[in-house]
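Let me begin by presenting the structure, written as structure tokens, before commenting on it.
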Amino acid sequence: MDRITQGVVFVGGVSAILFVIAIFVFIAQQGLGFAIFDLDKEVFFTSPAWRPTSEPEPQFGALALMAGTASVTGFAMLVSVPFSLGAAIYIGEFATGRTREFLKVLVELLAAIPSVVWGFIGLTIMNPLIIDLFDVPVGLTILNAGVILGLMAAPIMTTIAEDALKAVPDGYREAAEAMGATRWQVIRQVVLPSAKNGLVAAILLGVGRGFGETMAVLMASGHAINLPTSPFDSVRALTATIAAELGETARGSEHYKVLFSLGILLFLVTFVINLLADILVRGRKGKRA
């Protein structure tokens, strides 16, 4: 029985790796050649003009799309990181008994809400609310998408951060309290530094969720090609562009291939974020050693 369980776990782990490799191979097969040899990189990275169907000369400038993705994700992190860490600290360090269990269930229920429902909330509730509160003509903006995306990312970030805090040995807390530290001093000077690796992982997962989210951002951001200058600008994200245009694009065309080039860009950005985080965590371990 143990061998069977071990075999199932091994197959599951290997399958996950193979699936990731297969996805990357498929995306690379569709767009890597075009991205390397045919795509004008200078225009792609520096021009905000995204006109893939214009005649006679289509324009594949992705700067506005990258800026839209970065601005929405950045604003979402401003919303979700303080909320998630605060919720994790309260659930892990202050709440007890039924209160803790109720809050954990509530957080998990928030994580189960489909992204299209969050997008609908942004479209029908946040949109008129932003218009009324800030006296702007349109409420489908960075602010709207950032708040919605921050709320979407917060539950899973809270869960992972709370697990990281729980993993800190109780002996650390008891030793600090024996030296006269208050509850907040224990949390700030002992628990949080000891759990920093898990907290960084939680934040990175939130950033990855922000870069990869599609439907809610498509519905709440306004889907307008702009270089944002304020939270009240409508923008278009990379993922939303792929979702909105791929279904109506001729297979094998330049437009089709450049959309897969955007997918490769998203893959590389996610890879770099995780690589930098791994280097950061390893560097901190080395300094402490």
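No gaps in the numbering here: position 150 of the sequence shown is 149 in numbering that gives the first Met the number 0, and each next residue is one more.
Just so it is clear, CB atoms sit at the ideal spot from N, CA and C, and this is done for glycine as well.
If distances are taken between C-alpha atoms only, which option among the options comes closest to residue i?
i    : options                : result
P55  : E253, V257, I186       : E253
L27  : N273, I272, L258, L274 : It should be pointed out that residue 27 corresponds to Ala in this sequence rather than to Leu. Closest option to A27, Cα to Cα, is L258.
G85  : T123, R97, S70, L102   : L102
V190 : F231, L132, P168       : P168
L217 : L38, A242, P227        : A242
A87  : A174, L105, S229, L267 : L105
S352 : G211, G12, G60, F44    : This structure does not reach residue 352, given that the chain is present from 0 up to 288, and the question cannot be answered.
I35  : F93, L274, G12, I263   : I263
G300 : L38, M76, L77          : Not covered by the structure: residue 300. The range shown for the chain is 0 to 288.
Q188 : E41, R172, I224        : R172
A48  : I272, L226, G170       : L226
I278 : T213, T228, V199       : V199
M65  : G11, G149, L265        : L265
V19  : L275, F270, T45        : F270
F74  : L274, H222, L150       : L150
H222 : A201, G96, A63         : A63
V120 : G170, D1, L148         : Checking the displayed sequence, the identity of residue 120 turns out to be Ile instead of Val. It is L148.
A201 : F133, M76, F43, F9     : M76
Please classify residue i: does DSSP put it in a helix, a strand, or coil?
i    : result
G149 : helix
G221 : strand
V234 : strand
R250 : coil
M214 : helix
Whose C-beta lies closer than 8 Å to the C-beta of residue i among residues of the same chain, with five residues either side of it excluded?
i    : result
Y255 : Q29, L245, T248, A249
S220 : G67, V71, L139, T140, I141, N143, A144, S233, V234, R235, A236, A239
Q184 : A175
V135 : I129, F231
T52  : H254
Looking only at its own chain, which residues have a Cβ that is under 6 Å from the Cβ of residue i, when we skip the five neighbours before and after it?
i    : result
L128 : none
G91  : E161, L164, K165
S229 : none
M214 : S114, V115, G118
A194 : A163, L164, V167
L122 : M218
Going along the chain, which residues of its own chain have a beta-carbon closer than 7 Å to the beta-carbon of residue i, five neighbours each way excluded?
i    : result
A153 : S79, F82, S83
V268 : F210
S260 : G30, F33, A34, L38
I186 : I88, E92
V146 : V78, M125
R50  : P57, Q58
V298 : This structure cannot settle anything about residue 298, because the visible part of the chain is limited to 0 through 288.
Is residue i near the ligand MN, with its Cβ less than 6 Å from a heavy atom?
i   : result
G91 : Looking for the ligand MN in the displayed structure turns up nothing, as the structure carries no ligands at all.
Q. What runs of the alpha helix (DSSP H), each 4 residues or longer, lie entirely inside the stretch 70–150?
A. 96–110, 114–120, 126–133
Q: Please determine if the stretch 175–192 and the stretch 200–210 are in contact, where contact requires at least 3 C-beta pairs separated by less than 8 Å.
A: no
**Q.** Given 8 Å, three or more beta-carbon pairs between the stretch 92–111 and the stretch 152–161
**A.** yes
Q: Output the residue ranges of the beta strand (DSSP E) runs that lie fully inside the stretch 152–208 and measure 3 residues or longer, sorted by chain position.
A: none
Q | Whole runs of the alpha helix (DSSP H) within the stretch 23–51, excluding any shorter than 4 residues | A | 40–45
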